[in-house]
Amino acid sequence: MSEANEYTFWQLINEYAIHIPIIQRDYAQGRAFERIEEIRNSFLGSIQEALEDNKHLDLDFVYGSMKNDKIFVPLDGQQRLTTLFLLHWYLAVKENCIDEVRQILIKFTYETRTSSREFCNALVNDSSALKNVEFKSLEKISDHIENANWFFMSWQRDPTIKSMLVMLDAIHSKFKTTNNLFDRLTLTKLCTYII
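Residue numbers (my numbering): 52 to 246.
And the structure:
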């Protein structure tokens, strides 16, 4: 990828593995600060509106490099990519299609800490704790995840995982009453430009 190419997250992860490199800072869009909460809610609101209205949403540029022609390593844009990964995971679990897309979502990983990498892997591979859960009546999805038998209590000290759990609660709050959005998410042009 030597020039800017337009991709949706789904197109990107279907074509390449996405590895957040060790040099990146922790995932921050889930931090518990008022300003970050405003950014988080605005971003999720824009995505929700684009999905419901089936319209294009420009998510700006993501810069990165290719490793072995199979792995995309973002140098800028990892926050958006992580949020999109979490949204795809959430809707896949909520709409009971995680088994069909597991081999695609598992290609997203963090290299910043072993615990972050293990959490992303477990989230995708061990989501059975959320099968048959009534999402509309669930207040916080993070409680369900943290109570799963695969969740290590030590992960609560990892700032990336803590932030992901906050974001998953925000995603849940925004999307818990929606239906049939996963297919639309994979088809709607929520585009980013990869350089």
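Glycine included, C-beta positions come from ideal geometry on N, C-alpha and C. These numbers were taken from a predicted model, which means no experiment stands behind them.
Restricting attention to Ile71, Tyr141, Val113, Lys121, the CA atom closest to the CA of phenylalanine 186 is found in Tyr141. By the neighbour-count definition (other C-beta atoms within 10 Å, threshold 16), methionine 204 is an exposed residue. Contact annotation, serine 214 with glutamine 80: C-beta distance approximately 7 Å; criterion of less than 8 Å satisfied.
Lysine 121 counts as exposed, since fewer than 16 other C-beta atoms from the protein chains shown sit within 10 angstroms of its C-beta. Shown here, proline 72 sits in coil according to DSSP, grouped into three states, outside any helix or strand.
When DSSP states are grouped into helix, strand and coil, isoleucine 157 belongs to the coil group.
Secondary structure note for glycine 81: it is in no beta strand (DSSP E), with a DSSP letter that is neither H nor E.
In the DSSP assignment, serine 116 forms a beta bridge with Val124. Excluding its 5 nearest sequence neighbours in each direction, aspartate 177 has C-beta neighbours in its own chain below 6 Å: Trp201, listed in chain order.
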